[in-house]
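Numbered according to numbering that gives the first Met the number 0, the sequence shown spans residues 0 to 1052. Step one of this worksheet: look at the structure below.
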Amino acid sequence: MPPVNPSPRKRDGGRKKSRTDMEMEQEESDSPLPLTRQDLRDIMEEFYADKLQTIIDLATKPLYDKILVLEQALEKLTAATAAASLGPSPTPRPQHGNPKNVVIFGLGEDAKEPPALLYNKITDLTKEMGLKDFDFDDARRMGKPSAGKTRPVLLQLIRTRDKWAIFGAKRQLWTGPDGKPDHSKKYAKIFINEDMSQEERKASADLRVKLKDLRKTDPDVKGIVKGGTLTTMKAGVVLHKYKWTSVGYFNIENLHNLSHLPPDESAPLADFAALGLVETWHTFSPPPLPPNLANFTMIESQAIKPTGRGRPSGGLVLLLNNSLVKLSSILYQSNNRVGNLGDIENDMQFYCPAQRNAKDKTINKRGEELMDFMTQHELTLANGRFHGDEDGKFTFRSPQGQSTIDLIFISPAITPLISSMRVHTLSTSYHNLVTIAWQDTSQVNAPTQPPSLKFHWQPDKLEPYQNSIAQITAEPDSHHPSYESVIDTLTIAAKTNGMAYLQDGNKKRTHHPWFDLQCKDSAVNIKNCRKQARSHHWDSTHADIFYKAKHAHKKLCREKQRDYFAQLRVNLSQASTSQDFWKSVKPFRSKPFVPNAINQKDWERFYHQMQAARESDETEFIGVLHPDLDAPFTRIDIYQAIHKTSNNKAPGLDAIPNEFLKSLPIQGIDLLVDCYNNILESESPPEEWSRSITVMIHKKGDKLNPNNYRPIALLSSLLKLFIQVLQHRLTEWAEKCGILPEAQGGFRQQRGCDDQIHVLNTAVNLGTNNNGKVYACFFDFARAFPSVPHQKLWSKLNDIGVSPKFIRLLRKIYEKSATQVRMTEGLTDPIEITEGLAQGCVLSPLLFSLYTSDIEQVLKDFKAQGIQISPQLALHILLYADDMILMSPSPEGLQMKIRRLTRYFDQLSLKVHMDKTKIIVFRRAGKLKKGLNFTYKGEKIEIVKQYTYLGVPLSSSGLFPLAAEHFRKKGLTALGSTWKIFTRARLEPLDKKYTLFQALVSSTAMYGAHIWSLRYLNEIEKIQYQFHRRLLGLPHGTPSYALRLELNRPSTR
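In structure tokens:
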């Protein structure tokens, strides 16, 4: 309907004159020019046109007024009808703000302010920001005039880039030339924000309330609310981001498509509270996931192959964000067309519009059945009902057509909080990602991690690296025996040769290695084609271009993936060295990494519950220097320690890999010697050495239970080298002085698990001769290494003769011990470690052995009977670090020893894990007498017939049938995993297959075989038989000797 009074926009090319145009016309009118005949004709035509328009307006004005009254009445009637259908407390349909507009708060308002005056104020404001000749479309006050209240100004811009120009320059309104705040400036109190809908403004207000609460706790916290997100900062570092909670559902059409998404599409997925994926087509568990989704807990249902051929069908994966998910009922259905079904009846309590819109008008039978089912369970369809999807957008677009088949159903509990529903077009599927967001400030993103220095060793740059070290150390002012100077020297040398660079702490790898720049460009092309198709209302020409771009992207990704693995297979077949061979095998045998799913607060709570509070230790250890333990470091010490370090080990906080230390020239070794001697003399190790990085490896069970994770500590490489020297000295001293008991076999030279199992087997055989019995108690300690009290450890070391200087140095490293748990998003804050031996430290096993070094002497002094090995030797106990076996030829003797060790364990604060502590009575034959009972602190110890010690199953008969069966199963399992490597790598050379078989299968099945397999060689032979049979593709029953003759392989015997 045309307006009553035509606006200037209609008379001037469809656009209202801007302020700049008006000023230019005014300047032109100020300079008189002579009128020509053509000018007079134009003036007369414009005059009569205005008169004619005025006559038309006067004639039609009564009709327009009546129509306007009818339209207002119709709007009121529609609003009343909608309110009645929404229930007792309806939520109005959200109104969307214009993304090109901005709102100005605090701009002074005059009484009866004309538009021209407001335009002048806006022009003056933009000039103050440094925006010269800034043009805008319109400006008006928002709301009704009120005495003493300044209304905000809605500034309508012509281009989106004008909005960002204002945001980029608005800081100049309240800052001076030096960049510091200047509150005396004219527009210092002006606040400029985006034009938002009512719901967005409410959410922003809630976030500002959240910011006030945070600042009450910590006044130094600052925050910015922008785009529905509260970003908190402290000292210039981003702490957290509070956002609206959202969930997404996606018909993925093969789970591998997640890795094909470009970064701008895959990165937002990590912020979802939940992500549902259908049609994953995966038939193995667990399915692979990109690294940016590592913080999600997976609930899966595998796909099936109804006919046994072709691609699988179905497959569901639900990913729950461990720190965010608190969901009501939200269901997703695909491949059902429901048209415009789904209107809500008046008696149903849903706080959303009763009628829904839909561009797809088709209804199929499955859609009708689905709607009936959801209605019976009081669930409503969200598509076409909420802000962002008011018109019921298509969720599937392909060359065959478009439809709305990706549907979301929601429960009544969540409808009042829904803020928006979006349909996002992705590059890897014809189906769209459908998301729902609701107003909730509980979603917290991880802290932003600062950039970190990343070292990457390159063997071909060994000589330039050594030359750089020599040049740096040759400078007169560079040779300082400080820890910082060593770090600086290594860092400068690495940077000079391109082996160190700054890595973004927030950058996450979201793609497979084959997803290269060409794949990224292809994804960007899809995005551009989608924009063009959308701007042209999805006409056939631009839609076809978009579909072809999608198809080309999928084809390119498949080719890149195929070429990448083909090259890996070539490398594996042509590998000439052991290092190249295992490097080529790794991509084919790697298992999906299970990330740490527990948040920082839960880890802090776990550590605090498991540890006692830190106590101050004022004990003084005074004495003379020991000639061996306290001697200055030498080059030989450093070379011996470097020789024991391994390559390809993750570094700690210093970020320096071992390769950089192993490649040091003589000048670098001298620098380390001086640095370590300075630390040894001053007894002041760097504070960085007291902190470690802990990587949590999930074992099995609930991912949210901290007890189901194995901690792996990463220590600084320079600390590990220093500790390696101390460990070598302490070991030599302990062996020379006979401090360690003979029964202790853990982490000692020329001793291992095989030796302990052999000694136990020998003791059992000797003890069970002549119908004798061996009563053995297998002790298991609860957190043996992590529970050692530091004060008792230092006192024990002092009692056995360790030098005071050595103890003081260790205590200095331990007294501020802390760790940072590595999360998916970065490192946590330091968590104090108040007790226990350091994880990942080569000195810890030796310290524990020294801590319990007198246990054998305690039993000997008790004069209890042991297992007689020889006339001069009786065996009371076997130790392998914290694995302990207490033995006696009689039940009374064993109970007496248990009672004696009860006091000993209490003195050392060692706690016995009763659920895993068992007793075996080894015997050749016969039954146990009734009433046989053993207790520890009044609690009964279970008597069992079998027990696994150091990985080998033991039985009460002293024989090893359980071990043979156990290792046969493990060998066959390893063979299955190895065969998957053969299949994935398409490995053809027989010598490569035998290399993998020997390394992965035989090493597993033959563990300790020289002790237990003499009676059970046939069980071991079965593993090789299965390998040979599958290698030649022959059926079961083929003679084993025939296979060995064909392959020219010897028997396992």
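A virtual CB, placed ideally from N, CA and C, is assigned to each residue, including glycine. All values derive from a computational prediction rather than experimental measurement.
Given residue i, which residues of its chain have a CB within under 8 Å of its CB, disregarding the five upstream and five downstream residues?
i     : result
D515  : K559
H1035 : R1028
P1038 : none
G1032 : none
V857  : R899, L900 and Y903
T693  : P710, I711, A712, L713, T818, Q819, V820, R821 and Q838
L461  : S662
Is the distance from the Cβ of residue i to the Cβ of residue j below 8 Å?
i     : j     : result
L276  : L254  : yes
D860  : V724  : no
E264  : S428  : no
L986  : S575  : no
G744  : Y879  : yes
F271  : G247  : yes
E278  : N320  : no
Y774  : V920  : yes
L660  : S802  : no
I303  : A381  : no
S1088 : G751  : A query on residue 1088 cannot be resolved here, the shown segment of the chain reaching from 0 to 1052 and no further.
S419  : F372  : no
L808  : L679  : yes
G957  : V1000 : no
K791  : S908  : yes
G391  : N356  : yes
N402  : T361  : In the sequence on display, residue 402 carries Ser and not Asn. Closer than 8 Å, so yes.
On the CB-based measure, 16 or more other CB atoms within 10 Å of its CB, does residue i come out buried or exposed?
i     : result
L1046 : exposed
P113  : exposed
S887  : buried
I417  : buried
A204  : exposed
P631  : exposed
C736  : exposed
G865  : buried
P988  : exposed
L1044 : exposed
I696  : exposed
A963  : buried
R922  : buried
P1049 : exposed
N256  : buried
DSSP beta-bridge partners for residue i?
i    : result
M883 : F778 and L878
M297 : L318
P664 : Bridge partners of P664: none, in fact.
A250 : Looking at the sequence provided, one finds Asn at residue 250 rather than Ala. N250 is bridged to V277.
V433 : Y248 and V422
H697 : Y708
Counting only the same chain and skipping the five closest in sequence on each side, list residues whose C-beta sits under 7 Å from that of residue i.
i     : result
W688  : S715, L718 and I812
Y1040 : none
L206  : V224, L229, Y241 and T440
F190  : F104 and G105
N100  : L153, L154, Q155, L156 and D194
For residue i, which residues in the same chain have their Cβ closer than 6 Å to its Cβ, ignoring the five residues on either side in sequence?
i     : result
E1063 : No statement about residue 1063 is possible, as the shown extent of the chain runs from 0 to 1052 and does not include it.
T149  : E108
I298  : L317
D137  : Q155
P656  : F454, W456 and P650
T1051 : I1019, E1020 and Q1023
S889  : none
Rounded C-beta distance between residue i and residue j? I'm assuming under 8 Å.
i    : j    : result
E855 : I876 : 6 Å
Y946 : K992 : 36 Å between Cβ atoms; not a contact.
C776 : S481 : So it is not a contact: roughly 52 Å between Cβ atoms.
Could you tell me if the beta carbon of residue i falls within a distance shorter than 7 Å of some heavy atom in the ligand HEM?
i    : result
A138 : No copy of the ligand HEM occurs in the structure displayed, which carries no ligand at all.
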